[in-house]
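In the numbering used here, the protein residues as written are 8 to 294.
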């Protein structure tokens, strides 16, 4: 067994234990220990046996069909705007998310919450985990957190139905209101990458510590990175990214709202310089 295989088993047992506790398991280290590969006996390779080459066969040209044998029905053209067969869309991605069983969250959630919003967004808003209301309805950012988020976005000319798409790092709600585990985030990372590829956002707004650390590839806390500009490297494209406090944190600690408002204004200022027409869709949708 290789060291990587041992590491995967360790993380699987850690996740199962953490799920049973409802929080990070005290029986496992925060960082997985180093595992060596098992010793594999070296076997001397045997010389290859010579094989007589087969005689070369004369190439036979395929017969040319006669005009009478050809189909008289021409191929029907594709419908206008139709995606090529096999092309991934948000709809087909949602089907894959609904049937996903890559991590333990698929056993405890009621409904996955893939995301919702404008399909040609200026801003992709990425939260941490679905809310309790999301778990029941399959929507994204419902309930009090969603109401607050809509007010925050609306204050700077953004809206989920106009110029934003809203999703989360993991698409299924963790049990007992806990944070998502590292392996759960990794299991969902392919879905998020596909969403970014399809939506092609101009900016990313990360909500909360888990989303910020995952997208910015850092272990720094949200208090150290909120309101600061970073870049999300997606296939060589640098997407401007900013992290702010999550609506959940703002509801629990109203004193953080002042800092969140300053962060949102800083986000708005750069968005206005890059896409001065971004808010037109929002204000039109409000009428």
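Yeah, the Cβ is synthetic: ideal placement off N, Cα and C, and Gly gets one too. On a predicted model such as this, the values are computed, not experimentally measured, just so you know.
Residue i classed as buried or exposed, judged by whether at least 16 other C-beta atoms fall within 10 angstroms
i: residue 290; result: exposed
i: residue 167; result: buried
i: residue 287; result: exposed
i: residue 108; result: exposed
i: residue 223; result: buried
i: residue 277; result: exposed
i: residue 106; result: exposed
i: residue 23; result: exposed
i: residue 53; result: Note that residue 53 scores 46 on pLDDT, short of 50, meaning its location in the model is unreliable; the coordinates nonetheless yield the value given after this. Residue 53 comes out exposed.
i: residue 21; result: buried
i: residue 94; result: exposed
i: residue 212; result: buried
i: residue 216; result: buried
i: residue 243; result: exposed
i: residue 229; result: buried
i: residue 267; result: buried
CB of residue i within 8 Å of CB of residue j, strictly
i: residue 210; j: residue 246; result: yes
i: residue 257; j: residue 135; result: no
i: residue 254; j: residue 118; result: no
i: residue 116; j: residue 179; result: yes
i: residue 123; j: residue 147; result: yes
i: residue 162; j: residue 125; result: no
i: residue 273; j: residue 234; result: yes
i: residue 137; j: residue 208; result: no
i: residue 18; j: residue 190; result: yes
Spatially closest choice to residue i from the options, by CA coordinates
i: residue 249; options: 124, 130, 111; result: 130
i: residue 293; options: 110, 118, 160, 133; result: 160
i: residue 121; options: 175, 269, 272, 282; result: 175
i: residue 241; options: 179, 202, 274; result: 202
i: residue 188; options: 172, 218, 146; result: 218
i: residue 140; options: 181, 230, 237; result: 181
i: residue 282; options: 126, 164, 100; result: 164
i: residue 133; options: 177, 145, 158; result: 177
i: residue 270; options: 261, 279, 236; result: 236
i: residue 184; options: 19, 142, 104; result: 142
Bounding residues of the alpha helix (DSSP H) (the contiguous stretch that carries residue i)
i: residue 195; result: 189 to 206
i: residue 143; result: 139 to 144
i: residue 229; result: 229 to 232
i: residue 154; result: 150 to 161
Residue i, enclosing beta strand (DSSP E) - first and last residue
i: residue 249; result: 244 to 251
i: residue 210; result: 210 to 214
i: residue 174; result: 171 to 175
Between the stretch 191 to 199 and the stretch 145 to 161, do three or more beta carbon pairs fall short of 8 Å? As far as the Cβ criterion goes, the stretch 191 to 199 does not touch the stretch 145 to 161, which means the pair count is below three.
Would you call the stretch 103 to 117 in contact with the stretch 176 to 195, where contact means no fewer than 3 C-beta pairs closer than 8 Å? yes
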